[in-house]
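The listed protein sequences correspond, in order, to chains A and B.
Sequential numbering from 295 applies to the first sequence in this note's numbering.
Sequential numbering from 20 applies to the second sequence in this note's numbering.
Okay, structure first, notes after.
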Amino acid sequence: MESTKAPTSNERPGGGLREVAINLLTILYFAFALFPVFWMIIVSLKPSNELFSTYFFFHPTFDSYRTVLGLAGDSGVPFVRFFMNSLVISIGAVLLSLIIGIPAAYAFARFHFRGSKDLLFTILSFRFAPELMVIIPLYVIYQKLGLFDTYIGMIWVMQLVTIPMIVWILRSYFQDLTPELEQSALLDGYTRIQAFMRVAAPLVRPGIAAVALLSFIFAWNNFVFPLILTSSNAQTVTVGSLTFLGGNRPNYNLTAAAALVAAVPPLILALSIQRYLVRGLSFGAVKG
Amino acid sequence: MATLKLEGLRKEYGRTVALEGTDLSLGDGEFFVLLGPSGAGKTTTLKCIAGLEEPTAGRVEIGGRDMTGVEPYHRNVAMAFENYALYPQKSVFDNMSFPLKSKRYAVSGEEARKRVERVAETLNIPHLLQRLPRELSGGQKQRVALGRVLVRPADILLLDEPLSHLDAKLQMEMRAELRSLGDMQGTTSFYVSHDYREALALGDRIGVLHKGKLHQVGTPEKIWHRPADTFVARALGQPEMNLIPGAAVSGAGGRVFRSRDGEIEVPLQGNPEVSEGTEVELGIRPLDLDLADGEPRPDTVEMSGSVYVVERLGRELEVTVTVGEHRIAAITNDAGARPGDRVRLRFPASKLHLFDGESCRRLEQEAGVMDRG
Numbered sequence: 295m296e297s298t299k300a301p302t303s304n305e306r307p308g309g310g311l312r313e314v315a316i317n318l319l320t321i322l323y324f325a326f327a328l329f330p331v332f333w334m335i336i337v338s339l340k341p342s343n344e345l346f347s348t349y350f351f352f353h354p355t356f357d358s359y360r361t362v363l364g365l366a367g368d369s370g371v372p373f374v375r376f377f378m379n380s381l382v383i384s385i386g387a388v389l390l391s392l393i394i395g396i397p398a399a400y401a402f403a404r405f406h407f408r409g410s411k412d413l414l415f416t417i418l419s420f421r422f423a424p425e426l427m428v429i430i431p432l433y434v435i436y437q438k439l440g441l442f443d444t445y446i447g448m449i450w451v452m453q454l455v456t457i458p459m460i461v462w463i464l465r466s467y468f469q470d471l472t473p474e475l476e477q478s479a480l481l482d483g484y485t486r487i488q489a490f491m492r493v494a495a496p497l498v499r500p501g502i503a504a505v506a507l508l509s510f511i512f513a514w515n516n517f518v519f520p521l522i523l524t525s526s527n528a529q530t531v532t533v534g535s536l537t538f539l540g541g542n543r544p545n546y547n548l549t550a551a552a553a554l555v556a557a558v559p560p561l562i563l564a565l566s567i568q569r570y571l572v573r574g575l576s577f578g579a580v581k582g
Numbered sequence: 020m021a022t023l024k025l026e027g028l029r030k031e032y033g034r035t036v037a038l039e040g041t042d043l044s045l046g047d048g049e050f051f052v053l054l055g056p057s058g059a060g061k062t063t064t065l066k067c068i069a070g071l072e073e074p075t076a077g078r079v080e081i082g083g084r085d086m087t088g089v090e091p092y093h094r095n096v097a098m099a100f101e102n103y104a105l106y107p108q109k110s111v112f113d114n115m116s117f118p119l120k121s122k123r124y125a126v127s128g129e130e131a132r133k134r135v136e137r138v139a140e141t142l143n144i145p146h147l148l149q150r151l152p153r154e155l156s157g158g159q160k161q162r163v164a165l166g167r168v169l170v171r172p173a174d175i176l177l178l179d180e181p182l183s184h185l186d187a188k189l190q191m192e193m194r195a196e197l198r199s200l201g202d203m204q205g206t207t208s209f210y211v212s213h214d215y216r217e218a219l220a221l222g223d224r225i226g227v228l229h230k231g232k233l234h235q236v237g238t239p240e241k242i243w244h245r246p247a248d249t250f251v252a253r254a255l256g257q258p259e260m261n262l263i264p265g266a267a268v269s270g271a272g273g274r275v276f277r278s279r280d281g282e283i284e285v286p287l288q289g290n291p292e293v294s295e296g297t298e299v300e301l302g303i304r305p306l307d308l309d310l311a312d313g314e315p316r317p318d319t320v321e322m323s324g325s326v327y328v329v330e331r332l333g334r335e336l337e338v339t340v341t342v343g344e345h346r347i348a349a350i351t352n353d354a355g356a357r358p359g360d361r362v363r364l365r366f367p368a369s370k371l372h373l374f375d376g377e378s379c380r381r382l383e384q385e386a387g388v389m390d391r392g
């Protein structure tokens, strides 16, 4: 695979005015899309007594962050624990999904067995069926099985989020590999499983990286499952951040700070793998 | 080293028949070339032998053992793929030593290194061993793919159009080299090609495959001189064999071939007994035709027409002559012909081929009078 140089937009001749218009629109869009983030940052920096002041000027302080992270004062909310829960659950869910999903994607790409198409579609349907549809029965089942508010239970239910993405995107990566590579390995004295492990899987490594990080972000952001299926033990940051709003005072500054801290891991990941992400996503979109 | 036997090998993909019941038997150490246009079922045949495709019906026997349904890695068969199928993430050395590292062959580090280096030597690629496949030219990839096949002991070598992506000059070189490599190894080889020159140059025997049907199997001489039907006749030779539809009729001095438009008449004495009125096709290779001058010679047949096109092929010329409704191609050294000229075409009477008009099969002489050409 050779890296192709994408022509940058300013190489296009005679597009001066167009260029300006496009840039303006982009800036407008970002102002619109990033305004909530900007608002959150401002709120998180406000001291409690200035939270509801109506003029713009305030005395910025990092107190909210200190409180949220448990460095000063007692918020009564174990935020750091929620954060660690999120890490354990998201990483666990992605690892489990990779172990199941990579071979599954390979099987769907290479073999047409009875019902393979239906099965593939069923897996996809986990993505577009609303979580709320299944959450009540899941709640009952989890209570009965003792999975409620446990890591294992959360990692398990997150498979609904992570597996479909991994299977669908990696399937198209595997389809792009010529089957002759594995056939060659079969004739070179390797079994089908060895051919998959030693030839096919290493070649889709970029795809695996992209899809792992992408599904991590989706698992991290999930709100409904931890909301219903956890209480204090395995609660994640998405739900945990909201608990700052409970009690007597609406601590909007703490909530904003918590949400911003919670956004850091996905943000770092997204930035570090930006290139892979675009490729991984467009792969899934164009084919399959 | 082993024999190879195919019995009633048949492969269907859904409703399409890729390969009709094929019977074929290869001797130990034989170099066999399967010739056919693209889509004829050549690669399907290879993959059935290798075990990469499961035949719908029939048997594959390697070294006398029934291998139908046996996993590829138990068959001890090596295959070079048309698209090389080099592992892109591995260096040339790792590509070539990959088979040796498998459990099947389990050759240790030092011994593996020696073998790879020895094969690399014969293929003239020792300087490439540390490169990645994407850093190689087509010809170099070709050699590496062959190297990976030759580095291990195999009962059968399967070669799927290994030269088709190379430029003409390199093809010639590799063709010569391949044959000497084959001799060196003495391994039974099954070579697939769409190039009749390659087939004639390389094969101990050639099989001609068309639309999943094996039309003829034989030595290059036999395939060239006695094609079993019109398809085989056309598959070999450039320009193609001239085929003129007509019928066998009674004429002066015995049975005569007369073309449909009545313009071409060729005496059939000494040729197969054909009953009067049988629809037949007359075949003459352009190489057997020449422009005639002077008096008619004995044992030759002539026909006259006007030159349509003259094309230089290098030393020779391809002259297309209009005879009646027919365009007849001839290869000649005679540089004098110009479009529009009236000319006579001449060919030795022994060089004509006769095919049944309906079945397209070759009309053979009675047993005992055979083998004149």
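C-beta atoms are modelled at their ideal positions from N, C-alpha and C, and glycine is treated no differently.
- Under the three-state reduction of DSSP, Ser384 (chain A) is assigned to helix.
- At a cut-off of 8 Å, the C-beta of Leu310 (chain B) has no neighbouring C-beta in chain A.
- For the segment 476 to 508 of chain A, the set of residues with a beta-carbon nearer than 7 Å to any beta-carbon of chain B comprises Gln477, Ser478, Leu480, Leu481, Asp482, Gly483, Tyr484, Thr485, Val493, Pro496 and Leu497, in chain order.
- Taking a 10 Å sphere around the C-beta of Tyr433 (chain A), we find fewer than 16 other C-beta atoms and assign the residue as exposed.
- Taking all protein chains in view, the Cβ of Trp462 (chain A) is crowded by 16 or more other Cβ atoms within 10 Å, so the residue is classified as buried.
- Taking a contact as a CB-CB distance under 8 Å, the pair Leu53 (chain B) and Phe209 (chain B) counts as one, their CB atoms being some 7 Å apart.
- The residue among B:Ala348, B:His345, B:Val326 and B:Ile225 with its C-alpha nearest the C-alpha of Pro358 (chain B) is B:Val326.
- One alpha carbon belongs to Met193 (chain B), the other to Leu182 (chain B), and they sit about 7 Å apart.
- Contact check for Val163 (chain B) against Leu155 (chain B) passes: the beta carbons are separated by less than 8 Å.
- Secondary structure of Leu521 (chain A) (DSSP, three-state): helix.
- In this structure Thr87 (chain B) does not touch Arg94 (chain B) by the C-beta definition: roughly 10 Å separates them, more than the 8 Å allowed.
- With 16 or more other Cβ atoms from the protein chains shown falling within 10 Å of its own Cβ, Arg304 (chain B) counts as buried.
- Relative to the Cα of Asn102 (chain B), the nearest Cα in the group B:Lys30, B:Glu180, B:Leu142 and B:Glu129 belongs to B:Glu180.
- For Asp375 (chain B), the pairing in a beta bridge is given by DSSP as B:Val299.
- Contact note: Phe250 (chain B) does not reach chain A at a C-beta cutoff of 8 Å; the least C-beta distance is about 29 Å.
- Rounded to the nearest whole angstrom, the CA to CA distance from Pro354 (chain A) to Ala551 (chain A) is 13 Å.
- Nearest to Arg29 (chain B) by alpha-carbon distance, out of B:Pro264, B:Glu39 and B:Thr22, is B:Glu39.
- Under the three-state reduction of DSSP, Glu259 (chain B) is assigned to coil, being neither helix nor strand.
- Using a CB distance below 9 Å, no part of the segment 351 to 380 of chain A faces chain B.
- Unbroken alpha helix (DSSP H) stretches of 4 residues or longer found wholly inside the segment 26 to 98 of chain B: 61 to 69, given in chain order.
- Within the same chain, and ignoring the five residues on either side of Gly48 (chain B) in sequence, the residues whose Cβ sits closer than 8 Å to its Cβ are Met20, Gly205, Thr206 and Thr207.
- Contact with chain A is found for Arg123 (chain B), since one of that chain's Cβ atoms lies less than 8 Å from the residue's Cβ.
- Spanning the alpha carbons of Leu332 (chain B) and Arg408 (chain A) requires a straight line of approximately 56 Å.
- Proximity of chain B to Glu474 (chain A) at the Cβ level (cut-off 7 Å) is accounted for by Phe100, Asn102 and Ala104, in chain order.
- Proximity of Leu71 (chain B) to chain A, defined by a Cβ-Cβ separation below 8 Å, is satisfied.
- Short of 7 Å from the beta carbon of Leu221 (chain B), and not among the five residues preceding or following it, lie these beta carbons of its own chain, in chain order: Phe50, Val52, Arg194, Leu197, Arg198 and Tyr210.
- Nearest CB-CB separation between Val96 (chain B) and chain A: below the 8 Å threshold.
- Ranked by how close their Cα comes to the Cα of Leu45 (chain B), the residues B:Thr64, B:Tyr32, B:Glu31 and B:Leu25 have B:Leu25 in first place.
- Separation of the CB atoms of Leu228 (chain B) and Ala59 (chain B) is rounded to 5 Å, and the pair is thereby assigned contact status at 8 Å.
- At least one C-beta of chain A is nearer than 8 Å to the C-beta of Gln108 (chain B).
- Note on geometry: alpha-carbon atoms of Gln108 (chain B) and Ala99 (chain B) lie some 18 Å from one another.
- The three-state secondary structure of His234 (chain B), taken from DSSP, is strand.
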